[in-house]
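For the sequence shown, the numbering used here assigns the number 247 to the initial residue and increments by one for each residue that follows. No residue lacks a Cβ here, since even glycine has one placed at the ideal position from N, Cα and C.
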Amino acid sequence: EGREDLQVNQLETQIWIKPDLQKTDVDFSEILNAIQEIAKDVNIFFDELEGVNSPSKDDDSLLHHGNLTSTSDDASRLEVVGEEVPNKNKTNGLYFRDGKCRIDYILVYRKSNPQTEKREVFERNIRAEGLQMEKESSVTNSDIIFVKLHAPWEVLGKYAELMNVRMPFRRKIYYLHRRYKFMNRIEKQISRFRGWLPRKPMKLDKETLPDLEDNDCYTAPFSQQRIHHFIIHNKDTFFNNATRSRIVHHILQRVKYEEGKNKIGLNRLLSNGSYEAAFPLHEGSYRSKNSIKTHGAENHRHLLYECWASWGVWYKYQPLDLVRRYFGEKIGLYFAWLGWYTGMLFPAAFIGLFVFLYGVTTLNHCQVSKEVCQATDIIMCPICDKYCPFMRLSDSCIYAKVTHLFDNGATVFFAVFMAVWATVFLEFWKRRRAVIAYDWDLIDWEEEEEEIRPQFEAKYSKKERMNPISGKPEPYQAFADKCSRLIVSASGIFFMICVVIAAVFGIVIYRVVTVSTFAAFKWALIRNNSQVATTGTAVCINFCIIMLLNVV
Numbered sequence: 247e248g249r250e251d252l253q254v255n256q257l258e259t260q261i262w263i264k265p266d267l268q269k270t271d272v273d274f275s276e277i278l279n280a281i282q283e284i285a286k287d288v289n290i291f292f293d294e295l296e297g298v299n300s301p302s303k304d305d306d307s308l309l310h311h312g313n314l315t316s317t318s319d320d321a322s323r324l325e326v327v328g329e330e331v332p333n334k335n336k337t338n339g340l341y342f343r344d345g346k347c348r349i350d351y352i353l354v355y356r357k358s359n360p361q362t363e364k365r366e367v368f369e370r371n372i373r374a375e376g377l378q379m380e381k382e383s384s385v386t387n388s389d390i391i392f393v394k395l396h397a398p399w400e401v402l403g404k405y406a407e408l409m410n411v412r413m414p415f416r417r418k419i420y421y422l423h424r425r426y427k428f429m430n431r432i433e434k435q436i437s438r439f440r441g442w443l444p445r446k447p448m449k450l451d452k453e454t455l456p457d458l459e460d461n462d463c464y465t466a467p468f469s470q471q472r473i474h475h476f477i478i479h480n481k482d483t484f485f486n487n488a489t490r491s492r493i494v495h496h497i498l499q500r501v502k503y504e505e506g507k508n509k510i511g512l513n514r515l516l517s518n519g520s521y522e523a524a525f526p527l528h529e530g531s532y533r534s535k536n537s538i539k540t541h542g543a544e545n546h547r548h549l550l551y552e553c554w555a556s557w558g559v560w561y562k563y564q565p566l567d568l569v570r571r572y573f574g575e576k577i578g579l580y581f582a583w584l585g586w587y588t589g590m591l592f593p594a595a596f597i598g599l600f601v602f603l604y605g606v607t608t609l610n611h612c613q614v615s616k617e618v619c620q621a622t623d624i625i626m627c628p629i630c631d632k633y634c635p636f637m638r639l640s641d642s643c644i645y646a647k648v649t650h651l652f653d654n655g656a657t658v659f660f661a662v663f664m665a666v667w668a669t670v671f672l673e674f675w676k677r678r679r680a681v682i683a684y685d686w687d688l689i690d691w692e693e694e695e696e697e698i699r700p701q702f703e704a705k706y707s708k709k710e711r712m713n714p715i716s717g718k719p720e721p722y723q724a725f726a727d728k729c730s731r732l733i734v735s736a737s738g739i740f741f742m743i744c745v746v747i748a749a750v751f752g753i754v755i756y757r758v759v760t761v762s763t764f765a766a767f768k769w770a771l772i773r774n775n776s777q778v779a780t781t782g783t784a785v786c787i788n789f790c791i792i793m794l795l796n797v798v
């Protein structure tokens, strides 16, 4: 009757109180308080041991302690402290009503939508996959319903293994070469000299923003059979928010909403109007009343805003590790490429500006523009046959001068430079990408990231054969079916290429025909600027064609 269980990390202490002790004058509550104090000391001792054995920690431990979106390790170990966290989570809108289940995905639909049967079948199949669901009506519009989805640990582990999600399993250890005392003294002097120099303004200050420090661990595809090899301090924070949303999105794309081979996936329900929208949630607000330098970041989104998405840090390097941690590897690699491309554009822009300034300085010395401006006696043939008048060569004097600004003797050097720049940019980006892939442990990421299209998987899931390389069963497509699909796809692509060529040819014909039409226009403004009107209308038509073909 008087048993009290305290669970501290992997240590479980059981204290048995005999019935005859309850008759004494000993205060049982004071004993329990003393036991809890001892448990906290043991907890701190285990944390220190854990820090020695595996010094890595979860990303959420880098955040501000007042963060409502993260669950601390101490709260998950002691039930007394753990009761306070769900009450806080209930108020921030990122958890279910119980304050424990984190919202991983949101589906939005209207009550008045007639697609009720498809939606009910889809939600029933979602529950069958193991996802937890909770509905809540909108505050401003009672017709709008939000469906909150949560993936428990079992579902995350199952699909993380199927999707080959890479998770940390060992912290990287770097070995430094042994240095002589003389070299150490030189390095100390150099470090002192660097201390006198101003810091690099483009680098982020990790001393004032300690949250910029990130884990440096080896990763491997997650496996439930080898789960003891992975660094798991807290199951709630082991999979970050980007990975959780990605797993839930993967599940939603493969859930059926109606009987049939192609009646599958969330995208079809969004296209036919069964759901209005589907999206994951951010970690919270990106603004805070307190300074990030004194109180730390409220969440990862707040940290990204302060050191990446704010106008005040436009000149600094991107925190690619934070972008990867919040958005995932694909978005991180994209912004890595974008930053590298922007940096490589600086020398090209400098050379281009030099060529332009060279054209400005040599404008009055250009022999071609001089001859064109002084040729008042040379009469040029009309542009069109009937309505276009004769024109003097000197009328195109301004056009010749403007052309010289961009097309002068230095343009040849610029063309050669850009040819070399394109090759250098590509080769150096390969090196930069290899460095990022090594740092993020993404060497084999492309091969493991390839996934089967949901519609293809639904159609050919019953037809399987053994892969001779991996030894795993995979969907099988017959050769005749594959050839027919290839022929149809190739025909469609060839037809679209012909449509594009016809559109470009049509624009050229339009410019030839409309020059005479604008030259005979009633308005003097258009008649005197027939070439500009022709070019402007051709550009607008070309833009409309491009947008239309993009939609098609």
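Between CYS630 and ALA770, the CB-CB gap reaches or exceeds 8 Å. Across the structure, PHE368 and GLY519 are spaced so that their CA atoms are roughly 14 Å apart.
With respect to the C-alpha of ARG547, the residue from GLU407, ARG570, ARG500, SER776 having the closest C-alpha is ARG570. Here THR622 carries a coil assignment [DSSP, helix/strand/coil]. Annotated three-state conformation of GLN435 is helix, per DSSP. Residue ASN371 holds the alpha-carbon nearest to the alpha-carbon of MET379 among THR386, ASN371, GLN613.
For SER383, the enclosing beta strand (DSSP E) starts and ends at 378 to 383. Classified as exposed, THR588 has fewer than 16 neighbouring CB atoms from the shown chains inside 10 Å of its CB. If you look at MET712, you'll find it in the beta strand (DSSP E) that goes 710 to 712. LEU402 counts as buried, since no fewer than 16 other beta carbons sit within 10 angstroms of its beta carbon.
The Cβ atoms of GLN564 and GLY585 lie closer than 8 Å to each other.
CYS347 is classed as buried because its beta carbon has at least 16 other beta carbons within 10 Å across all chains shown. With contacts defined by Cβ atoms closer than 8 Å, GLY574 and PRO700 do not form a contacting pair.
Inter-segment contact for the region 339 to 359 and the region 517 to 536 is present: three or more beta-carbon pairs are separated by less than 8 Å. For TYR351, the enclosing beta strand (DSSP E) has its first and last residue at 351 to 356.
Distances from the CA of LEU579 to each of GLU710, LYS676, VAL746, TYR756 were compared; the closest alpha carbon is that of LYS676. Residue state for GLU720 is assigned as strand, using DSSP reduced to three classes. Around the C-beta of TRP554, 16 or more other C-beta atoms lie within 10 Å, and the residue is accordingly described as buried. When the Cα atoms are used, HIS650 and THR781 turn out to be separated by approximately 21 Å. For TYR405, the closest C-alpha among the options GLU366, ASP653, PHE485 is that of PHE485. Linking CYS463 to PHE663 through their CA atoms gives a straight-line distance of about 41 Å. In the DSSP assignment, PRO593 falls within the alpha helix (DSSP H) that extends over 575 to 607. Ranking VAL745, ARG711, LEU591, VAL601 by CA distance to the CA of ASN796 puts VAL745 first. Around the CB of VAL393, 16 or more other CB atoms lie within 10 Å, so the residue is classed as buried. When the five nearest sequence neighbours on each side are left out, the beta carbons in the same chain lying within less than 6 Å of the beta carbon of PHE468 are those of ALA406, GLU407, VAL411, MET413, in order along the chain.
Boundaries of the beta strand (DSSP E) harbouring ILE391: 390 to 396, taken from the DSSP string. Counting only residues of its own chain and dropping the five nearest sequence neighbours on each side, LEU527 has a CB closer than 7 Å to the CB of LEU340, ILE349, ILE352. Comparing alpha-carbon positions, the option among ALA582, LYS576, ASN654 lying closest to THR608 turns out to be ASN654. Here LYS364 is buried. Its C-beta has 16 or more other C-beta atoms within 10 Å. Beyond the five residues adjoining it in sequence on each side, GLU703 comes within less than 8 Å, by CB distance, of ARG500, PRO721 in the same chain, given in chain order. Contact check for LYS562 against LYS449 passes: the beta carbons are separated by less than 8 Å.
DSSP places ARG638 in the strand class (E or B) of the three-state scheme. Exclusion of the five residues before and after PHE660 leaves ILE597, GLY598, VAL601 as the residues of its chain whose Cβ lies within less than 8 Å of its Cβ. Membership of ALA524 in the beta strand (DSSP E) is indicated by the continuous run 523 to 525.
In the displayed model, ALA466 falls within a strand according to three-state DSSP. In this structure, the straight-line span from the alpha carbon of ARG514 to that of PHE740 is close to 27 Å.
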